[in-house]
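To keep things clear, I will list the structure first and then write my remarks on it.
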Ligand SMILES: NC(=O)c1ccc[n+]([C@@H]2O[C@H](COP(=O)([O-])OP(=O)(O)OC[C@H]3O[C@@H](n4cnc5c(N)ncnc54)[C@H](O)[C@@H]3O)[C@@H](O)[C@H]2O)c1
Ligand SMILES: NC(=O)c1ccc[n+]([C@@H]2O[C@H](COP(=O)([O-])OP(=O)(O)OC[C@H]3O[C@@H](n4cnc5c(N)ncnc54)[C@H](O)[C@@H]3O)[C@@H](O)[C@H]2O)c1
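Protein chains in written order, with UniProt numbering: chain P, 1 to 556; chain L, 1 to 556.
Written out as structure tokens, the structure reads:
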């Protein structure tokens with residue numbers, strides 16, 4: 001057998017649009033379109049290598065596997081289920097109409113072998129791929145996801161610390177990379193000004209061009225002056241500042257400047273490549289991380305310690321300060337900063353209260369490819385959830401400020417009791433012809449009941465159950481039993497090999513009554529497992545939500 | 001809340017028998033009876049502590065959880081699914097009639113935390129339990145399962161090394177616990193003598209009483225004299241010897257004694273609780289594993305190293321020597337025994353050719369409690385598989401030598417293409433009244449497609465995919481999608497925390513036509529994933545079997 005093809009620069013993938021089927025029904029067609037959507041050049045970071053996002057998160061193991069998946073889907077019968085093992089189609093079995101059409105397991109390794117080293121060995125042998133969260137499970141939707149997640153985080157911070165109003169407040173952060181670049185836009189959408197420190201001019205330029213950041217300051221004094229002006233005026237403007245966070249944060253502490261919130265999204269999790277050491281030029285950094293990776297790592301970690309010490313100083317002044325999932329506290333702690341974990345991670349601080357009510361990154365995609373279908377569903381969401389100005393605000397701003405990538409899609413954070421209502425309404429819109437084609441509803445693996453990740457989503461659980469991964473497994477099994485259209489279970493997403501296990505589901509509104517039943521079950525049960533998991537851990541919000549929603553939790 | 005009850009010596013559990021239902025249908029009733037069957041004093045090793053077998057393999061987390069599971073099952077509606085998280089009933093959700101009635105996830109931990117230390121911490125906090133393989137998934141059937149598995153293994157060893165005739169040969173082993181106690185009987189059934197070292201007199205007494213072992217020697221010299229006598233006479237007798245294997249094996253090596261095969265079934269996988277350190281009394285061991293678990297673990301692992309070194313010495317003399325799935329090689333390796341893995345595990349040595357055809361530990365239980373129901377199904381198996389003298393021989397010997405424990409049950413190793421036929425036939429027998437009540441069909445987690453365990457079931461896979469656990473996950477998801485009555489996914493069974501991930505399924509023949517359809521799917525798909533997994537790894541037997549059976553494997 002010839003070696004499998006990992007790179008093919010000649011291929012350009014676009015999902016089919018419109019209402020004509022390539023597969024035997026819309027459930028199967030949805031998977032067929034979504035894997036191609038994930039690899040659309042508008043969506044994927046490196047489509048020639050099948051990489052969707054998140055380092056090396058792939059949609060299929062190699063191009064032969066990709067072709068075989070499409071072929072299998074085109075041939076799949078309506079009562080069959082395709083099994084995908086780390087991006088390779090390995091079997092087709094007869095199940096039934098209410099069973100998932102695709103079942104996916106990506107990057108899962110027996111714990112004692114669950115390291116990057118062993119993964120890369122298997123990956124090189126052609127036996128695996130890295131699925132990340134929504135890359136290998138075919139429900140990535142481009143930047144919109146991270147903008148929304150960051151927005152929700154900022155808004156929740158505002159709720160907790162500023163009575164829900166961030167007008168005239170400003171957020172201090174750093175890092176305008178692939179994910180971090182969403183921060184200034186998210187802050188503006190949340191109503192806050194932001195000062196965004198970034199050491200690479202090219203990164204600032206990109207975000208100015210795409211209007212994710214509003215303006216660039218000349219220097220620190222200029223930046224502070226602009227912040228002063230816009231906060232006074234109550235205008236939610238974002239300011240970029242070229243510089244090193246490890247220098248500027250301590251300087252701000254020294255000057256007694258008081259931001260209203262502090263976080264960071266430099267790539268601290270990767271100290272060799274991700275964090276510019278103090279006093280180094282960017283050119284020097286690029287050269288020395290090649291020629292002297294250990295030295296670079298050590299210098300970066302020393303700088304991170306100073307960075308975190310400044311964050312701790314802000315924290316000590318009562319300013320909301322949080323780790324945004326880049327592991328910078330651990331790095332500082334490694335360097336001897338004993339109290340690095342004094343300020344919290346963003347999940348326990350801001351996202352967990354949402355998770356307690358099953359609220360998480362719900363999203364949907366118009367399989368027609370027609371943006372109008374999304375605008376109509378936006379409208380429907382507002383209609384069905386009339387009393388949530390925050391949600392309406394997000395939808396309005398998303399329409400204005402977020403451009404679609406690949407098949408048009410929308411994300412909004414909704415919870416138990418809302419998700420199934422939206423699903424049923426969308427299905428009705430498909431049935432009565434308001435929408436041009438069916439809609440696929442999914443979510444991130446980072447959700448309320450679907451992930452165990454002790455350094456991120458399940459950090460500092462109330463009962464200490466951070467590492468218990470029974471919960472995402474039950475989520476995957478229940479979604480399968482409830483009739484999701486496809487279900488996935490992955491290892492290592494977000495925080496890397498060994499550190500997380502998580503499940504995904506996608507369910508299709510094809511307009512049928514059978515779909516009504518499945519939607520009602522899946523979109524209730526899926527967030528329901530999140531409420532259950534948090535109620536079991538002892539969170540009052542979750543226990544209350546479970547009671548209010550009538551969940552049957554035998555021992556709560 | 002009061003502390004949960006882990007020990008209750010006052011409780012004695014027996015499953016209901018007969019044809020009257022406690023639950024709303026037979027699918028639910030099956031789970032209701034089987035969890036109680038697992039804790040019947042005839043079945044469980046330590047029922048007061050809910051321990052079924054395998055060290056601390058439990059059926060429920062504590063007595064409160066046990067009661068709540070029974071209550072949940074009694075109340076469960078026919079379209080609902082109960083979720084069980086490490087032995088605790090955590091939620092009831094609406095699914096549908098063809099979905100599993102129970103979904104179970106036991107002992108699963110995010111890999112970087114997947115150690116006994118972290119497990120015990122969570123276990124102590126009341127957040128987890130150890131599910132082993134069939135303890136927490138309610139399909140343990142007492143010694144019969146392991147007698148059959150061990151018998152198959154010894155027979156295959158005899159075929160490979162002694163032309164299929166073990167007359168006059170003897171097997172050296174240790175451990176007469178819940179599983180290991182099957183060794184002397186299995187050896188006898190396979191035609192060989194055996195010397196069985198066990199450090200607890202109570203365990204020997206139990207096996208003498210139940211006639212699993214024939215006689216006890218006074219000391220090593222006496223044991224060797226008896227072995228000499230019986231091998232000469234060609235009588236397949238089993239001898240127990242009280243002592244510590246870590247002392248006796250090296251002594252045998254020193255004396256130049258040559259057994260015809262060597263293996264071991266002490267509980268090496270659980271170094272705190274499962275292996276008596278050299279030089280310790282049993283009393284001392286019981287005390288110190290409570291007062292000083294780390295010290296006990298370290299002492300046990302040092303002793304295991306000496307034990308394995310003796311096994312290596314036998315191996316070096318050309319004597320068939322194999323690890324019987326207790327992870328003792330890994331423990332020795334941890335202690336610096338670099339070549340511990342020089343002798344193979346029993347799966348690559350003897351079981352894999354069976355797995356390639358989906359053959360594994362198929363079993364069924366008469367929910368009526370009536371032994372006649374099993375005898376009738378035995379007869380049906382012979383009728384449907386007329387051309388397998390080895391299988392007929394097993395069924396005959398099992399009827400004679402194996403007494404039922406708890407609800408009557410039977411095991412026999414059958415594969416893809418046979419399992420669903422038996423299932424459909426049993427269902428027909430329920431339907432037409434030949435059997436007094438429904439039958440539950442299940443299997444061990446140790447099966448063809450259901451486990452990733454690089455030190456045991458997936459050791460030395462042809463393509464190097466030993467540690468890839470996508471496969472058991474797909475098995476669990478597909479069984480759920482196919483309509484098994486309950487499905488389980490566990491971590492750490494057999495070889496301990498960090499070393500395995502595995503799935504189980506049980507499906508009930510209630511005599512209905514709906515059950516026919518589910519049985520046909522589940523009992524085809526379940527072994528089908530085993531053939532698929534081995535075909536994907538490149539085994540010719542599996543590829544041939546897949547072709548012969550018409551499996552759809554897109555890339556094979
Ligand atoms: N919370 C979440 O949900 C979430 C999601 C995605 C990513 N992350 C984490 O956020 C971090 C950023 O992700 P990304 O995809 O944007 O990474 P990236 O590598 O694309 O961007 C990092 C940016 O930080 C800049 N930078 C590095 N050192 C700096 C310094 N000392 N001062 C100022 N700027 C500096 C770099 O120039 C780069 O532009 C990662 O650690 C990632 O793991 C968290
Ligand atoms: N191959 C398989 O299919 C398979 C199946 C089940 C169990 N196992 C493995 O086999 C092992 C035994 O299982 P079990 O259920 O019988 O466990 P168990 O704990 O019930 O029995 C182990 C026995 O070993 C004895 N023992 C411990 N240390 C000893 C020593 N140094 N010398 C002599 N005797 C000693 C104990 O007294 C006990 O009776 C476990 O590791 C289990 O994981 C393998």
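For every residue, glycine included, the Cβ atom is placed at its ideal position computed from N, Cα and C.
Predicted, not measured: the structure shown is a model, and the values here were computed from it.
DSSP beta-bridge partners of residue i
{"i": "residue 409 of chain L", "result": "L:365"}
{"i": "residue 442 of chain P", "result": "P:363 and P:506"}
{"i": "residue 216 of chain L", "result": "L:240"}
{"i": "residue 147 of chain L", "result": "BP columns for residue 147 of chain L are empty, so no partner."}
{"i": "residue 80 of chain L", "result": "L:94"}
{"i": "residue 323 of chain L", "result": "L:345"}
{"i": "residue 113 of chain P", "result": "Its beta-bridge partners do not exist; DSSP assigns none."}
{"i": "residue 173 of chain L", "result": "L:196"}
{"i": "residue 53 of chain P", "result": "P:57"}
Identity of the residue in the options nearest residue i by Cα
{"i": "residue 144 of chain P", "options": "P:447, P:397, P:546 and P:25", "result": "P:397"}
{"i": "residue 343 of chain P", "options": "P:355, P:322 and P:337", "result": "P:322"}
{"i": "residue 422 of chain P", "options": "P:523, P:56 and P:89", "result": "P:523"}
{"i": "residue 252 of chain P", "options": "P:211, P:311, P:264 and P:217", "result": "P:311"}
{"i": "residue 455 of chain L", "options": "L:520, L:534, L:496 and L:419", "result": "L:496"}
{"i": "residue 235 of chain L", "options": "L:165, L:246 and L:104", "result": "L:165"}
{"i": "residue 498 of chain L", "options": "L:319, L:210, L:114 and L:44", "result": "L:114"}
{"i": "residue 464 of chain L", "options": "L:309, L:270 and L:537", "result": "L:537"}
{"i": "residue 563 of chain L", "options": "L:210, L:279, L:172 and L:281", "result": "Here chain L covers residues 1 to 556 and nothing more, so residue 563 of chain L does not appear."}
{"i": "residue 175 of chain P", "options": "P:218, P:308 and P:263", "result": "P:263"}
Collapsed DSSP secondary structure at residue i in the structure displayed
{"i": "residue 60 of chain P", "result": "coil"}
{"i": "residue 130 of chain L", "result": "strand"}
{"i": "residue 257 of chain L", "result": "coil"}
{"i": "residue 100 of chain P", "result": "coil"}
{"i": "residue 488 of chain P", "result": "strand"}
{"i": "residue 545 of chain P", "result": "helix"}
{"i": "residue 418 of chain L", "result": "coil"}
{"i": "residue 282 of chain P", "result": "helix"}
{"i": "residue 525 of chain L", "result": "helix"}
Own chain, CB closer than 6 Å to residue i, minus 5 neighbours either side, in chain order
{"i": "residue 504 of chain L", "result": "137, 445 and 488"}
{"i": "residue 50 of chain P", "result": "58, 59 and 60"}
{"i": "residue 467 of chain P", "result": "454"}
{"i": "residue 356 of chain P", "result": "534, 539, 541 and 542"}
{"i": "residue 181 of chain L", "result": "207 and 212"}
{"i": "residue 132 of chain L", "result": "54, 57 and 493"}
Nearest-angstrom Cα separation, counted from residue j out to residue i
{"i": "residue 484 of chain L", "j": "residue 450 of chain P", "result": "23 Å"}
{"i": "residue 540 of chain P", "j": "residue 167 of chain P", "result": "30 Å"}
{"i": "residue 583 of chain L", "j": "residue 31 of chain L", "result": "Because chain L here runs from 1 to 556, residue 583 of chain L falls outside it and cannot be looked at."}
{"i": "residue 108 of chain P", "j": "residue 130 of chain P", "result": "9 Å"}
{"i": "residue 521 of chain L", "j": "residue 429 of chain P", "result": "35 Å"}
{"i": "residue 591 of chain P", "j": "residue 290 of chain P", "result": "Lying outside 1 to 556, the shown extent of chain P, residue 591 of chain P is not represented and no answer is given."}
{"i": "residue 601 of chain L", "j": "residue 23 of chain L", "result": "A query on residue 601 of chain L cannot be resolved here, the shown segment of chain L reaching from 1 to 556 and no further."}
{"i": "residue 282 of chain L", "j": "residue 16 of chain L", "result": "37 Å"}
8 Å Cβ shell around residue i - same chain, five flanking residues per side excluded
{"i": "residue 519 of chain L", "result": "420, 423, 424, 427, 441, 507 and 509"}
Beta-carbon contacts of residue i that lie in its chain and below 7 Å, excluding the five residues immediately before and after
{"i": "residue 378 of chain P", "result": "395, 399 and 410"}
{"i": "residue 96 of chain L", "result": "79"}
{"i": "residue 403 of chain L", "result": "none"}
Chain A residues whose Cβ lies nearer than 9 Å to that of residue i
{"i": "residue 471 of chain P", "result": "In the structure shown, chain A cannot be found, because the protein chains are P and L."}
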